[in-house]
Amino acid sequence: SSGINAEWPLRPGGTNIFVKQIELDLMRTLPNNCLFNTTSATGVDKLRNVLLAFSRYNVEIGYCQGLNRIAAFALTVLNLKEEDAFWAVVAVVEILPPDYYSQTMIGAQVDQRVLNDIMSDKYPKVVAHFQQFKIDLSLITFNWFLTLYVDNTNIDVVLTFWDSFFYEGDKVLFRFALAIFRIHHDMLLNT
Numbered sequence: 325s326s327g328i329n330a331e332w333p334l335r336p337g338g339t340n341i342f343v344k345q346i347e348l349d350l351m352r353t354l355p356n357n358c359l360f361n362t363t364s365a366t367g368v369d370k371l372r373n374v375l376l377a378f379s380r381y382n383v384e385i386g387y388c389q390g391l392n393r394i395a396a397f398a399l400t401v402l403n404l405k406e407e408d409a410f411w412a413v414v415a416v417v418e419i420l421p422p423d424y425y426s427q428t429m430i431g432a433q434v435d436q437r438v439l440n441d442i443m444s445d446k447y448p449k450v451v452a453h454f455q456q457f458k459i460d461l462s463l464i465t466f467n468w469f470l471t472l473y474v475d476n477t478n479i480d481v482v483l484t485f486w487d488s489f490f491y492e493g494d495k496v497l498f499r500f501a502l503a504i505f506r507i508h509h510d511m512l513l514n515t
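Put into structure tokens, the structure is as follows:
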């Protein structure tokens, strides 16, 4: 155990206001991964500790879905110890615009609008195709940005993304999205 006190921050009545959501999301994080597929799996306690520690460290955000996948990636693929995975989550939050993981997620919503504008400029046919079928681009890309591509691409791409993200900052969120749409441009227009 890392000695994390799950009783802070407190809500009236004395319980951590983020524990319930964190506990719900532990089993949803990477359900096909043996480190997270049961409550007794070795990764579950580590993930819980990282997420609770972050909720204590950054009380303005506390906990937000998406952080669980980032923490799990840091623990498993990057093979970081709990404390290092915690600091990786902190670094991600500090690199991204303010309010990315807040209750309103304004920062993430702004990025989705910016991406939509860039897509309209770079790939107008793809955007028009999505609009024809009443598909909001953010339904596809919001999770990409929120989880730093952990859920949506193969491991080599995710590792390349993370290297670029920590080196260049959040602008690579857009670069990778545009690259994905460029690679799949013709296929998207033919579906």
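Counting in the numbering used here, the final residue of the sequence shown is number 515, and the numbers go up one at a time with none missing.
Built from N, CA and C at the ideal position, the CB exists for glycine as well.
The structure displayed is predicted, hence computed values, not measured ones.
Review point. Any contact of the stretch 412 to 426 with the stretch 480 to 497, i.e. 3+ C-beta pairs under 8 angstroms?
Key: yes
Practice item. Report yes if the C-beta distance between S426 and I385 is below 8 angstroms; otherwise report no. Key: Stepping through the sequence shown from its first residue, residue 426 is reached at position 102. Stepping through the sequence shown from its first residue, residue 385 is reached at position 61. Result yes, Cβ atoms of S426 and I385 sit closer than 8 angstroms.
Check your understanding: Could you give the C-beta distance for R308 and L402, rounded to a whole number, given that I count them as a contact under 8 angstroms?
Key -> The question about residue 308 has no answer here: the residues shown for the chain are numbered 325 through 515.
**Study point:** C-beta atoms of A503 and F469 nearer than 8 angstroms
**Key:** Your numbering for residue 503 matches position 179 in the sequence shown. Your numbering for residue 469 matches position 145 in the sequence shown. Cβ distance not < 8 angstroms, so A503 and F469 don't count as in contact.
**Study point:** N392 and T353 closer than 8 angstroms at C-beta
**Key:** Numbered from its first residue, the sequence shown carries residue 392 at position 68. Numbered from its first residue, the sequence shown carries residue 353 at position 29. Contact flag set, yes.
Check your understanding: What distance in whole Å lies between the Cβ atoms of L375 and I346, which are believed to be in contact at a cut-off of 8 angstroms?
Key -> The sequence position of residue 346 within the sequence shown is 22, counting from 1. The sequence position of residue 375 within the sequence shown is 51, counting from 1. Yes, I346 and L375 are in contact; Cβ-Cβ is about 5 angstroms, under 8 angstroms.
Point to revise | Chain-order list of residues whose beta-carbon lies under 6 angstroms from that of L420 (same chain, five-residue window excluded) | key: Stepping through the sequence shown from its first residue, residue 420 is reached at position 96. Within the same chain, L420 has close Cβ partners D494.
Review point. Just to confirm, are L461 and N476 a CB contact at a threshold of 8 angstroms?
Key: Residue mapping note: residue 461 aligns to position 137 of the sequence shown, counting from 1. Residue mapping note: residue 476 aligns to position 152 of the sequence shown, counting from 1. Going by C-beta atoms, L461 is not nearer than 8 angstroms to N476.
Practice item. Would you mind reading off the limits of the alpha helix (DSSP H) that contains K446? Key: For the purposes of this step, residue 446 is taken as residue 122 along the sequence shown, with counting starting at 1. Looking at the DSSP string, the run of the alpha helix (DSSP H) that includes K446 is 430 to 446.
Practice item. Would you identify the three-state DSSP class for L371, choosing helix, strand or coil? Key: Numbered from its first residue, the sequence shown carries residue 371 at position 47. Reduced to three states, the DSSP call for L371 is helix.
Check your understanding: Is F457 near L472, with beta carbons less than 8 angstroms apart?
Key -> As a position in the sequence shown, residue 457 is number 133, starting the count at 1. As a position in the sequence shown, residue 472 is number 148, starting the count at 1. Going by C-beta atoms, F457 is not nearer than 8 angstroms to L472.
Check your understanding: For F360, which three-state DSSP category applies?
Key -> Your numbering for residue 360 matches position 36 in the sequence shown. DSSP places F360 in coil when its eight states are reduced to three.
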